[in-house]
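Chains A and B supply the protein sequences, listed in that same order. Using the UniProt record's numbering, you'd call the opening residue of the first sequence number 1 and step up by one each time. Using the UniProt record's numbering, you'd call the opening residue of the second sequence number 1 and step up by one each time. So the structure is just underneath, and the comments pick up after that.
There are 2 protein chains.
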Amino acid sequence: MSQTDASAAIAAILDHSRFRTAVGTMEREHDRTVEDIIRLTEIPAPPFQEAERATAYLGMLRAHGLEEVEQDAAGNVMGRRRGTGNGTTVVVAAHLDTVFPAGTDVRVRREGTKLLAPGVGDDTRSLAVNLAFLRAMDAAGIRTRADILFLGDVGEEGLGDLRGVRHFFTEGRHRDRVEAFFTVDSPEVDRIVTGGIGSKRYRIAFRGPGGHSFAAFGLVNPAYAMARAALTLAELAAPADPQTTHCVSVLGGGTSVNAIPNEVWMEVDLRSQSAAELARLEAEFLAGVEAAVAAENAARSIREGLVTTEVVPIGDRPAGHTPPGADIVRLAMAAVAAHGYAPRQEYSSTDANIPMSLGIPAIKIGSGGRGGRAHSLEEWIDVEPRESLRGMSASLATILAVAGMEVD
Amino acid sequence: MSQTDASAAIAAILDHSRFRTAVGTMEREHDRTVEDIIRLTEIPAPPFQEAERATAYLGMLRAHGLEEVEQDAAGNVMGRRRGTGNGTTVVVAAHLDTVFPAGTDVRVRREGTKLLAPGVGDDTRSLAVNLAFLRAMDAAGIRTRADILFLGDVGEEGLGDLRGVRHFFTEGRHRDRVEAFFTVDSPEVDRIVTGGIGSKRYRIAFRGPGGHSFAAFGLVNPAYAMARAALTLAELAAPADPQTTHCVSVLGGGTSVNAIPNEVWMEVDLRSQSAAELARLEAEFLAGVEAAVAAENAARSIREGLVTTEVVPIGDRPAGHTPPGADIVRLAMAAVAAHGYAPRQEYSSTDANIPMSLGIPAIKIGSGGRGGRAHSLEEWIDVEPRESLRGMSASLATILAVAGMEVD
Numbered sequence: 001m002s003q004t005d006a007s008a009a010i011a012a013i014l015d016h017s018r019f020r021t022a023v024g025t026m027e028r029e030h031d032r033t034v035e036d037i038i039r040l041t042e043i044p045a046p047p048f049q050e051a052e053r054a055t056a057y058l059g060m061l062r063a064h065g066l067e068e069v070e071q072d073a074a075g076n077v078m079g080r081r082r083g084t085g086n087g088t089t090v091v092v093a094a095h096l097d098t099v100f101p102a103g104t105d106v107r108v109r110r111e112g113t114k115l116l117a118p119g120v121g122d123d124t125r126s127l128a129v130n131l132a133f134l135r136a137m138d139a140a141g142i143r144t145r146a147d148i149l150f151l152g153d154v155g156e157e158g159l160g161d162l163r164g165v166r167h168f169f170t171e172g173r174h175r176d177r178v179e180a181f182f183t184v185d186s187p188e189v190d191r192i193v194t195g196g197i198g199s200k201r202y203r204i205a206f207r208g209p210g211g212h213s214f215a216a217f218g219l220v221n222p223a224y225a226m227a228r229a230a231l232t233l234a235e236l237a238a239p240a241d242p243q244t245t246h247c248v249s250v251l252g253g254g255t256s257v258n259a260i261p262n263e264v265w266m267e268v269d270l271r272s273q274s275a276a277e278l279a280r281l282e283a284e285f286l287a288g289v290e291a292a293v294a295a296e297n298a299a300r301s302i303r304e305g306l307v308t309t310e311v312v313p314i315g316d317r318p319a320g321h322t323p324p325g326a327d328i329v330r331l332a333m334a335a336v337a338a339h340g341y342a343p344r345q346e347y348s349s350t351d352a353n354i355p356m357s358l359g360i361p362a363i364k365i366g367s368g369g370r371g372g373r374a375h376s377l378e379e380w381i382d383v384e385p386r387e388s389l390r391g392m393s394a395s396l397a398t399i400l401a402v403a404g405m406e407v408d
Numbered sequence: 001m002s003q004t005d006a007s008a009a010i011a012a013i014l015d016h017s018r019f020r021t022a023v024g025t026m027e028r029e030h031d032r033t034v035e036d037i038i039r040l041t042e043i044p045a046p047p048f049q050e051a052e053r054a055t056a057y058l059g060m061l062r063a064h065g066l067e068e069v070e071q072d073a074a075g076n077v078m079g080r081r082r083g084t085g086n087g088t089t090v091v092v093a094a095h096l097d098t099v100f101p102a103g104t105d106v107r108v109r110r111e112g113t114k115l116l117a118p119g120v121g122d123d124t125r126s127l128a129v130n131l132a133f134l135r136a137m138d139a140a141g142i143r144t145r146a147d148i149l150f151l152g153d154v155g156e157e158g159l160g161d162l163r164g165v166r167h168f169f170t171e172g173r174h175r176d177r178v179e180a181f182f183t184v185d186s187p188e189v190d191r192i193v194t195g196g197i198g199s200k201r202y203r204i205a206f207r208g209p210g211g212h213s214f215a216a217f218g219l220v221n222p223a224y225a226m227a228r229a230a231l232t233l234a235e236l237a238a239p240a241d242p243q244t245t246h247c248v249s250v251l252g253g254g255t256s257v258n259a260i261p262n263e264v265w266m267e268v269d270l271r272s273q274s275a276a277e278l279a280r281l282e283a284e285f286l287a288g289v290e291a292a293v294a295a296e297n298a299a300r301s302i303r304e305g306l307v308t309t310e311v312v313p314i315g316d317r318p319a320g321h322t323p324p325g326a327d328i329v330r331l332a333m334a335a336v337a338a339h340g341y342a343p344r345q346e347y348s349s350t351d352a353n354i355p356m357s358l359g360i361p362a363i364k365i366g367s368g369g370r371g372g373r374a375h376s377l378e379e380w381i382d383v384e385p386r387e388s389l390r391g392m393s394a395s396l397a398t399i400l401a402v403a404g405m406e407v408d
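See below:
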């Protein structure tokens, strides 16, 4: 599909009476959408503790008349809107989890059209907006070729490490029927994420026999092995294109100023736009760790024991990319532009990383409106209706174009 | 004084009726000494919180009839037993502080002749034993040429950094009259400490602009400056004689796996038997820190700021040595050997470091009896009378020989 064809396909949807009915429905039901945002935001969903919100969202999916409403083994909840085709599926996802720990005050405060609360924009608004999309389609009698699977997934943030969507695509029963994947994540619709930054994160412990700093002087010191490993990482190649980075970020260890440490540790973050570059970087780093340990064991006495390592993966997000020429990208660019925005394509780390890494067309789109201060206690969104509905219309048009809305 | 002369001088004291009376007094009053050990041990004396025990000990010194009983600005308590000479002074010290933090259970448990409690042997027993020495001298009518200043000093342990005795010799009003210094520290009498290991300890913070591990990649990373500084230290010369050591011991820093750290820090311990070697090591290390920071600022971008350091001294114990031929050493060797022990001379880090570094004859002697597990919650001493009194007799004879007991 050329960009011209994509623009024409979007125009056909936007002009269609059923789509206009759908948008009218979203306008009329805007207050309900805002109520759903508030209701869901006020159910805490800390990392690895999404169960209460998942149960609530499962009930909402069921109340919206979806088929096959279910919760999978990872804790994801989902339901299917049947299409007219052979059952191939377009996934429309939003993530249930927030970055905020248990005990965070998640009550929503209103200031005019602004809603302020931790997690309100990332990504709770999208959960509610996806329900609004569903009601609008139903109210307008919109039919699509593909089935649309609405998904509320767990574990997108931080150490959650995309585990919900990872499970969906590795163990889930729908994984072989997915032809496209949307994650609706955060308000902005002009920033279309078409590339997934891959990351590998490790916590590496360096252990040795320890000993008194004076009496046991000369024994191997795991701090020196770690220092050597850190400097090895610092010198590894990191091309600007595909963008690739590395970092020693957090470290600690030792117990007393007069003792050779028994254990020190560091956390490292490796990232790349390219899966191949990330694999190269990871291999070189891990080889560097081994070489650093070997150097320390050769440099000082091992009569009381060797320096050894424990390498613990604490993050693994695959890199991936949906090409600019993919239909899903061209349709999103056309839909966003048709709503008066200047769309751009970005790399980020989102639920879309997983399908991208598998070669499944996948992008991140927006939930509409404005917002800011995500991941902070001052997180906010603006639900002013006109701007909110403009963005929602752009994202709904994109989804319907990809899912093959009947326009005849 | 030759070793033969020293042995003869000790023999003259041991054979003297007044010394035998003194030992008899210590035997008769052994239970009281044990009671004093228990009473003092059960007054907590955490680092920098010796005040309550100091007050109690001050009262005990006063009750023992000493002159000029006082507490100095550092918190040390002391009193003088007048000699027959011109007022030159022999100091007999024990330290008030323990390594145990506030809240540690310091109640003494008895198992037969064993007393178990944190700090009971290091160095509380010596505080009580020094009082026993004083009572024994008084009961026997022993006179010495030199004044004997009994000192209970603060801040011997760890970060206390010898601050009590340091103050005594730098600011104290008695500092110019001291001709010899004993620290009675821990039970063992056969291990005579004649050398003071010097140490310099630093906590070094490395700070930089920080930033997102991916978005800000390429900025200076203080963890790499620290790693380079650590490896520089690891390679610095450390001769076996005079024994010299160095160690990166405790480290930490960083806040999040996806952030370049704003700050990391490490603690290092530098030691030597030789003040000159320690100064050389310190200078080379601090130059290495500067070079490591300069290398990091040259290796990566400083557009958001430089890596800088804050170098905080957290320990400074001067090296020193009382030569084997010094009278105080020969007399101690003779007295300990005369009691059936096999004395040896050792290097350690004690209150004696300070006078040693000033060229004042100084050694560490024992409080008698046995003990173990110092600096642990299982610390214990054995107050079985025969062995306890044998050690006490050896140490008292050493003190009296150095202070010039009248034996005619």
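Virtual Cβ for every residue (Gly too), placed ideally from N, Cα, C.
- For the beta strand (DSSP E) that residue 316/A lies in, which residues bound it at each end? 308-317
- Task: Check whether the stretch 244-262 of chain A touches the stretch 196-214 of chain A, taking contact to mean three or more Cβ pairs, one atom from each stretch, closer than 8 Å.
- Result: yes
- For the 8 Å Cβ check, are there 3 or more pairs between the stretch 84-92 of chain B and the stretch 129-146 of chain B? yes
- Chain-order list of residues whose beta-carbon lies under 7 Å from that of residue 131/B (same chain, five-residue window excluded): 36, 60, 64
- Message: Strictly under 8 Å for the Cβ-Cβ distance: is residue 227/A near chain B by that measure?
- Response: yes
- Task: Just mark residue 68/B as buried or exposed, buried being the case when its beta carbon has 16 or more other beta carbons within 10 Å.
- Result: exposed
- Query: Looking at residue 1/A and residue 330/A, is the spacing between their C-beta atoms short of 8 Å?
  - Reply: yes
- Message: If distances are taken between C-alpha atoms only, which option among 310/A, 188/A, 79/A comes closest to residue 380/A?
- Response: 188/A
- Task: With a threshold of 16 other CB atoms inside 10 Å of the CB of residue 396/A, please say whether the residue is buried or exposed.
- Result: buried
- Message: So for residue 367/B, helix, strand or coil by DSSP?
- Response: coil
- Just the Cα atoms here: how many angstroms apart are residue 19/A and residue 320/A? 32 Å
- Query: What does residue 423/A touch in chain B if you count any residue whose Cβ is under 9 Å from its own?
  - Reply: Residue 423/A lies beyond the stretch modelled for chain A, which goes from 1 to 408, so this question has no answer here.
- Query: Tell me which same chain residues have a C-beta within less than 6 Å of the C-beta of residue 403/A, skipping the five on either side of it?
  - Reply: 90, 144, 146, 148
- Message: Buried or exposed, going by whether 16 or more other CB atoms sit within 10 Å of the CB of residue 141/B?
- Response: exposed
- Task: Taking all protein chains shown into account, decide if residue 102/A is buried (16 or more other Cβ within 10 angstroms of its Cβ) or exposed.
- Result: exposed
- Indicate whether the contact test is met: 3 or more Cβ pairs, each with one atom in the stretch 189-196 of chain B and one in the stretch 245-252 of chain B, closer than 8 Å. no
- Item | Start-to-end residues for the beta strand (DSSP E) that takes in residue 331/A | That residue, residue 331/A, is in no beta strand (DSSP E); its alpha helix (DSSP H) goes 327-338.
- Message: Could you check whether residue 296/B and residue 219/B sit closer than 8 Å to each other, using their CB atoms as the reference points?
- Response: no
- Query: Can you tell me the Cα-Cα spacing of residue 9/A and residue 393/A, whole angstroms?
  - Reply: 15 Å
- Message: Relative to the C-alpha of residue 44/B, which candidate in 328/B, 154/B, 308/B has its C-alpha closest?
- Response: 154/B
- Excluding the 5 residues preceding and the 5 following residue 345/A in the sequence, name in chain order all residues of the same chain whose CB lies nearer than 6 Å to its CB. 192, 194
- Query: Does the beta carbon of residue 111/A sit closer than 8 Å to a beta carbon anywhere in chain B?
  - Reply: no
- Task: Ignoring anything shorter than 3 residues or poking outside the UniProt domain "Peptidase M20 dimerisation" (198-290) of chain A, list the beta strand (DSSP E) runs there in chain order.
- Result: 198-207, 244-253, 263-272
- Query: residue 94/B and residue 152/B: beta carbons closer than 8 Å?
  - Reply: yes
- Any idea what DSSP makes of residue 341/A, helix, strand or coil? coil
- Using 10 angstroms around the beta-carbon of residue 412/B, count the other beta-carbons present and answer buried if the total reaches 16, otherwise exposed. As shown, chain B starts at 1 and ends at 408. That puts residue 412/B outside it, with no answer to give.
- Query: When you compare only the Cα positions, how much space is there between residue 76/A and residue 11/A?
  - Reply: 34 Å
- Message: Below 8 Å, how does it come out for the stretch 115-135 of chain B and the stretch 21-34 of chain B: are there three or more Cβ pairs, yes or no?
- Response: yes
- In angstroms with no decimal places, state the Cα-to-Cα distance between residue 356/B and residue 322/B. 6 Å
- Message: For residue 273/A and residue 348/A, I'd like the C-alpha separation in whole angstroms.
- Response: 9 Å
- Item | Beta-carbon spacing of residue 129/A, residue 365/A below 8 Å | no
- Spatial distance of residue 47/A from residue 156/A (CA atoms): 9 Å
- Query: Based on Cα-Cα distance, which residue from 96/B, 51/B, 400/B lies nearest to residue 162/B?
  - Reply: 96/B
- Message: Could you tell me the alpha carbon to alpha carbon distance between residue 57/B and residue 164/B, rounded to whole angstroms?
- Response: 15 Å
- Message: Looking at chain A, is there any beta carbon in it that lies within less than 8 Å of the beta carbon of residue 237/B?
- Response: no
- Query: Going along the chain, which residues of the stretch 78-99 of chain B sit with their C-beta nearer than 7 Å to a C-beta in chain A?
  - Reply: none
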